[in-house]
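Here is the structure we will look at, set down as structure tokens.
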Amino acid sequence: MALYKYKEYLEQADQAEFDTLHNPGEICPHSGIYRCEACGDEIASNKDNPFPPQNHHQHAENLGAIKWKLIIISQQR
């Protein structure tokens, strides 16, 4: 689970982007922190860069496929 110290820097949002699952190697649509739905590992990924390939992030096969889910989006003004 992502941690934070200062809650004033975070705001809850109900956007569809937080519900989409992404595959390894797919192009990242938004800069932010993503969580693997199968094992709970987290990564930071930048917009327009690929997510880590299948062989970069490993977990036990019985946990299921690697699927990245956006948990914190980075906003730029």
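Start counting the sequence shown at 22; every next residue gets the next number (this note's numbering).
Heads up, the beta-carbon is just placed ideally off N, CA and C, and yes, glycines get one too.
Please classify residue i as buried or exposed, where buried requires at least 16 other C-beta atoms within 10 Å of its C-beta.
i     : result
His77 : exposed
Leu91 : buried
Tyr25 : exposed
Ser66 : buried
Tyr55 : buried
Using CA coordinates, which residue listed in the options is at the minimum distance from residue i?
i     : options                    : result
Gly4  : Ala86, Glu47, Ile48, Asn70 : As displayed, the chain neither begins before 22 nor continues past 98, which places residue 4 out of reach and without an answer.
Gly53 : Leu24, Ile93, Asp40        : Ile93
Ala37 : His51, Lys28, Tyr27        : His51
Answer yes or no: do residue i and residue j have a C-beta to C-beta separation smaller than 8 Å?
i     : j     : result
Leu42 : Ala59 : no
Pro74 : Ile64 : no
Give a yes or no on contact between the stretch 45-53 and the stretch 23-34, applying the rule of three or more CB pairs nearer than 8 Å.
-> Under the 8 Å Cβ criterion, the stretch 45-53 does not count as touching the stretch 23-34, having fewer than three qualifying pairs.
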